[in-house]
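Undergrad: Chains as they are written, first to last, in the working numbering: chain A, 1 to 106; chain B, 107 to 430.
Here a beta-carbon is modelled for each residue, glycine too, at the ideal position from N, C-alpha and C.
Bear in mind the structure is a predicted one, so any value in this text is a computation, not a measurement.
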Amino acid sequence: MSALHLKKDDFKKKVLESKIPVFIDFFAPWCGPCRLAGPVVDELALEYKDKVAVAKVNVDEEQELAQKYGVMSIPMVIMFKDGKEIDRKTGFPGKDGFVEMIKKAL
Amino acid sequence: MTDNIYDLLIIGAGPAGLAASIYSSRYRLSNLVIGKLLGGELSLAHKIENYPGFLDISGFDLAQIWQKQVENLGAKVLLKEVGRLELTGEGENKSFKAYFSKNEYYQAKALIIATGSERRRLNIPGEEEYLGKGVSYCHTCDAPFFKEKTVVIIGGSDSAVSGAVHTAEFAKKVYLVYRKDKLRAEPAWINQWQQIEKQAKGETIYNTNVKEIIGDKTRITGVKLDKPYKGQEIISTDGVFIEIGGVPGTALVEPLGIKLDERGYVIVSEQMETNIPGLFSAGDMTNKSASFKQATWAIAQGAMAAASAYKYLKNTTAPAIRGI
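#1: Using DSSP with H/G/I as helix, E/B as strand and the rest coil, what is B:Ala170?
#2: In or out: B:His152 buried (at least 16 other Cβ within 10 Å) or exposed?
#3: Report the neighbours of A:Ile86 on chain B: residues whose CB is nearer than 7 Å to its CB, in chain order.
#4: So for B:Ser395, helix, strand or coil by DSSP?
#5: Near A:Asp60, what residues of its chain come up, given a Cβ to Cβ distance below 6 Å and the 5 sequence neighbours on each side ignored?
#6: Mind checking whether B:Thr324 and B:Lys239 have CB atoms under 9 Å apart?
#7: In chain order, what residues of the same chain have a beta carbon less than 6 Å from the beta carbon of A:Val15, not counting five sequence neighbours either side?
#8: Compute the Euclidean distance between the alpha carbons of A:Ala3 and B:Lys307, then round it to the nearest angstrom.
#9: Can you check whether the C-beta of B:Leu124 is within less than 9 Å of a C-beta belonging to chain A?
#10: How about B:Lys249 and B:Val257: do their beta carbons lie closer than 9 Å?
#11: Is the Cβ-Cβ distance between B:Gln338 and B:Asn156 less than 9 Å?
#12: Where does B:Gln213 sit, in a helix, a strand or coil, going by DSSP?
#13: Check each candidate in B:Leu217, B:Asp367, B:Tyr236, B:Ser242 and name the one with the smallest Cα separation from B:Leu419.
#14: Could you please give the first and the last residue of the uninterrupted beta strand (DSSP E) stretch that includes B:Gly262?
#15: So which residues of chain B does A:Met79 contact, with C-beta pairs closer than 7 Å?
#16: I'd like the span of the alpha helix (DSSP H) that includes B:Arg132, first residue to last.
#17: Quick check: the Cα distance between B:Ala122 and B:Gln407, rounded to an integer number of angstroms?
#18: Per DSSP, which residues does A:Asp87 bridge with? Please list them.
#19: Give me the Cα-Cα distance between A:Leu46 and A:Val77, rounded to the nearest whole angstrom.
#20: For a quick check, are the C-beta atoms of A:Met72 and B:Ser242 less than 9 Å apart?
#21: How would you list, in chain order, the residues of chain A whose beta-carbon sits under 9 Å from the beta-carbon of B:Arg325?
#22: Taking C-beta to C-beta, are B:Gln173 and B:Ala119 nearer than 9 Å?
#23: Does B:Asp322 get closer than 9 Å to chain C when you measure Cβ to Cβ?
#24: Under the assumption that B:Lys215 contacts B:Lys203 (Cβ atoms under 8 Å), give the Cβ distance between them as a whole number of angstroms.
#25: So is the beta-carbon of A:Lys19 under 8 Å away from any non-hydrogen atom of the ligand FMN?
#26: Which value, in whole angstroms, describes the spacing of the CA atoms of B:Ile382 and B:Ile364?
#27: For B:Ile430 and B:Lys186, what's the separation of their Cα atoms in angstroms?
#28: According to DSSP, which residues form a beta bridge with B:Glu318?
#29: Checking the sheet assignment: what are the DSSP bridge partners for A:Val57?
#30: Answer yes or no: does any C-beta atom of chain B fall closer than 9 Å to that of A:Ala105?
#31: Measure from the C-beta of B:Ser263 to each C-beta in chain A and report whether the shortest distance is under 9 Å.
#32: When you compare each of B:Thr380, B:Phe252, B:Leu115 to B:Ile326 by their alpha carbons, which one comes out closest?
#33: Report buried or exposed for A:His5, applying the criterion of at least 16 other Cβ atoms within 10 angstroms of its Cβ.
#34: Along the segment 15-34 of chain A, what residues have a CB closer than 9 Å to any CB found in chain B?
#35: Give the single residue among B:Asn393, B:Gly262, B:Gln213, B:Trp295 whose Cα lies nearest to the Cα of B:Arg369.
#36: Let me make sure I understand the geometry here. Which of B:Leu385, B:Gly222, B:Glu198, B:Glu192 has the alpha-carbon closest to that of B:Lys208?
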């Protein structure tokens, strides 16, 4: 299972109304560190299946979402819980950095 | 051989470390590359036109080719951050250990440290607060967020000037703020930047420092200069890209007693030996790179370090080398 690709139209249902925490990776195909983070995010989707929803937003395609959430630097991950942002991190901190964020949200 | 023991550990996955692995594998040394970022600093370069063999390639694409080459030759790249290095034993029993946690480690009889440099920060008010809210250390990643906006780039080296050229493809205005009176990037980059200046899309502010990044808490609104430019102390901007080079990333090897020069670079011999037998160094962190931080040069050092590690481990000169 790889991470869910989020679009503007399903953001409300899949993130804001989600019963479990949502981990979102804002990325773009032209960003080197994002391309490194990508496969790691897919691994997390599998490892935390049913506990955390792991998703990706392509900022090229979803500029409105990127703007709405103030994403001006990528890779950026934002953690949502109960419809609210609870944490965000800029840059790719390695898998351990992501896991740490997820554990805090659980 | 148990699965965490190698002939050689290579810490750092930039050009120096990857080249060291390619050479080591050809010498039939079992080796493992461990690094934080594939391609290291180079992976952040949006366009490379001076790497022989490629007319024009991004740093990240180049790094991926190297990784493939490393793997084709039988070695692995582990993208993870080493927490601590340890050196134990003497003579035959001497061993280097790279720890991730208390019980998770890799070990080898020789080690090449190629951890490059850490990005230098300005350490001014607002820099930390607005990281990801307009402050960036990766113009390749973030320039496209500033379409039709203003960006201030701080620095005057290759990465700053090439970053300014790249950012001008998106932004409506780019200011390059440099503390000295003359840019020190490659003339090819300076020429491109001058073209942008001619279109009034770019301006260089010389002999000036940014002393504060200001904003409205959610994003940057401007930078404060240490002296007025065209009568203004504040330049309104949406983004600040900091490209002021790096400091040698020696934190892992300092506890081992490695010798550094007065600027903090690892002192190496012509053969890339450090003062510690079995420990070699290559790339941007060595004193050989202090004034020339280029992938080609890092690669040459990585290859040499591999040859020296071979000599150290096998007690005989590496096959490709004569007379050392």
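TA: On the basis of the supplied data:
#1: The residue you call residue 170 of chain B lines up with position 64 of the second sequence. Rather than Ala, the amino acid found at residue 170 of chain B in this sequence is Gln. Looking at B:Gln170 - three-state DSSP - the assignment turns out to be helix.
#2: Sequence index remark: in the second sequence, residue 152 of chain B carries index 46 (1-based). Result: buried.
#3: Taking the first sequence and counting its residues from 1, one reaches residue 86 of chain A at position 86. Residues of chain B passing the Cβ test: none, with the nearest at roughly 16 Å.
#4: Locating residue 395 of chain B in the second sequence gives position 289, where the first residue counts as 1. In the structure shown, B:Ser395 sits in a helix (DSSP, three-state: H, G or I).
#5: If you number the first sequence from 1, residue 60 of chain A lands on position 60. The residues Ala28, in chain order, have a CB closer than 6 Å to that of A:Asp60 in the same chain once the five nearest residues on each side in sequence are set aside.
#6: For this step, residue 324 of chain B is matched to residue 218 along the second sequence. For this step, residue 239 of chain B is matched to residue 133 along the second sequence. A contact, by the Cβ cut-off of 9 Å.
#7: Here the question's residue 15 of chain A lines up with position 15 in the first sequence. Correct list, in chain order: Val22, Phe80.
#8: The residue labelled residue 3 of chain A in the question sits at position 3 within the first sequence. The residue labelled residue 307 of chain B in the question sits at position 201 within the second sequence. Spanning the two alpha carbons is a distance of roughly 40 Å.
#9: Here residue 124 of chain B refers to the residue found at position 18 when the second sequence is read from its first residue. In terms of beta-carbon proximity, B:Leu124 stays away from the interface with chain A, with every pair separated by 9 Å or more.
#10: Within the second sequence, the letter at position 143 stands for residue 249 of chain B. Within the second sequence, the letter at position 151 stands for residue 257 of chain B. Looking at the sequence provided, one finds Ala at residue 249 of chain B rather than Lys. If you check the CB distance, B:Ala249 and B:Val257 come in under 9 Å.
#11: As a position in the second sequence, residue 338 of chain B is number 232, starting the count at 1. As a position in the second sequence, residue 156 of chain B is number 50, starting the count at 1. No, these two residues do not count as a Cβ contact at 9 Å.
#12: Here residue 213 of chain B refers to the residue found at position 107 when the second sequence is read from its first residue. If DSSP states are grouped into helix, strand and coil, B:Gln213 belongs with the strands.
#13: In the second sequence, residue 419 of chain B corresponds to position 313, counting from 1. Scanning B:Leu217, B:Asp367, B:Tyr236, B:Ser242 for the CA closest to the CA of B:Leu419 turns up B:Leu217.
#14: By one-based count along the second sequence, residue 262 of chain B stands at place 156. For B:Gly262, there is no enclosing beta strand (DSSP E), since its DSSP letter is neither H nor E.
#15: Working through the first sequence from its first residue, we reach residue 79 of chain A at position 79. What A:Met79 touches in chain B: nothing, since even the nearest Cβ is about 14 Å away.
#16: Indexing the second sequence from 1 puts residue 132 of chain B at position 26. B:Arg132 -> alpha helix (DSSP H) spans 121-132.
#17: Against the second sequence, residue 122 of chain B aligns to sequence position 16. Against the second sequence, residue 407 of chain B aligns to sequence position 301. For B:Ala122 and B:Gln407, the distance between alpha carbons rounds to 6 Å.
#18: Taking the first residue of the first sequence as 1, we reach residue 87 of chain A at position 87. In DSSP, A:Asp87 forms a bridge with A:Met79.
#19: As a working mapping, residue 46 of chain A is identified with position 46 in the first sequence. As a working mapping, residue 77 of chain A is identified with position 77 in the first sequence. Straight-line Cα distance between these residues: approximately 17 Å.
#20: Position 72 of the first sequence holds residue 72 of chain A. Position 136 of the second sequence holds residue 242 of chain B. Inclusion of A:Met72 and B:Ser242 in the CB contact set at 9 Å is warranted, their separation being smaller than that value.
#21: Looking up residue 325 of chain B in the second sequence gives position 219. Result: Gly70, Met72.
#22: In the second sequence, residue 173 of chain B corresponds to position 67, counting from 1. In the second sequence, residue 119 of chain B corresponds to position 13, counting from 1. Contact annotation: B:Gln173 and B:Ala119 have beta-carbon atoms nearer than 9 Å.
#23: You won't find chain C in this structure, because its protein chains are A and B.
#24: As a first step, residue 215 of chain B is located in the second sequence; it is residue number 109 there, counting from the start. As a first step, residue 203 of chain B is located in the second sequence; it is residue number 97 there, counting from the start. Your pair B:Lys215 and B:Lys203 does not check out as a contact, with CB atoms roughly 11 Å apart and the cut at 8 Å.
#25: Of the ligands one can find in the structure shown there are none, so the ligand FMN has no counterpart to examine.
#26: Position 276 of the second sequence, counted from the first residue, corresponds to residue 382 of chain B. Position 258 of the second sequence, counted from the first residue, corresponds to residue 364 of chain B. Cα-Cα distance, rounded: 7 Å.
#27: Stepping through the second sequence from its first residue, residue 430 of chain B is reached at position 324. Stepping through the second sequence from its first residue, residue 186 of chain B is reached at position 80. Its pLDDT being 46, under 50, B:Ile430 is placed unreliably by the model, and the measurement read from it follows with that caveat. About 34 Å.
#28: Your numbering for residue 318 of chain B matches position 212 in the second sequence. In DSSP, B:Glu318 forms a bridge with B:Lys330.
#29: For the purposes of this step, residue 57 of chain A is taken as residue 57 along the first sequence, with counting starting at 1. DSSP output for A:Val57 lists A:Phe26 as bridge partner(s).
#30: Here the question's residue 105 of chain A lines up with position 105 in the first sequence. No, no contact with chain B.
#31: The sequence position of residue 263 of chain B within the second sequence is 157, counting from 1. By this cut-off, B:Ser263 is not an interface position.
#32: Numbered from its first residue, the second sequence carries residue 326 of chain B at position 220. Among B:Thr380, B:Phe252, B:Leu115, the Cα nearest to that of B:Ile326 belongs to B:Phe252.
#33: Translated into positions along the first sequence, residue 5 of chain A becomes position 5. The residue in question, A:His5, is exposed, as its Cβ has fewer than 16 Cβ neighbours within 10 Å.
#34: Listed by position along the chain: Ala28, Trp30, Cys31, Gly32, Pro33, Cys34.
#35: For the purposes of this step, residue 369 of chain B is taken as residue 263 along the second sequence, with counting starting at 1. Answer by Cα proximity: B:Asn393.
#36: As a first step, residue 208 of chain B is located in the second sequence; it is residue number 102 there, counting from the start. If you compare the alpha carbons of B:Leu385, B:Gly222, B:Glu198, B:Glu192 with that of B:Lys208, the shortest gap goes to B:Glu192.
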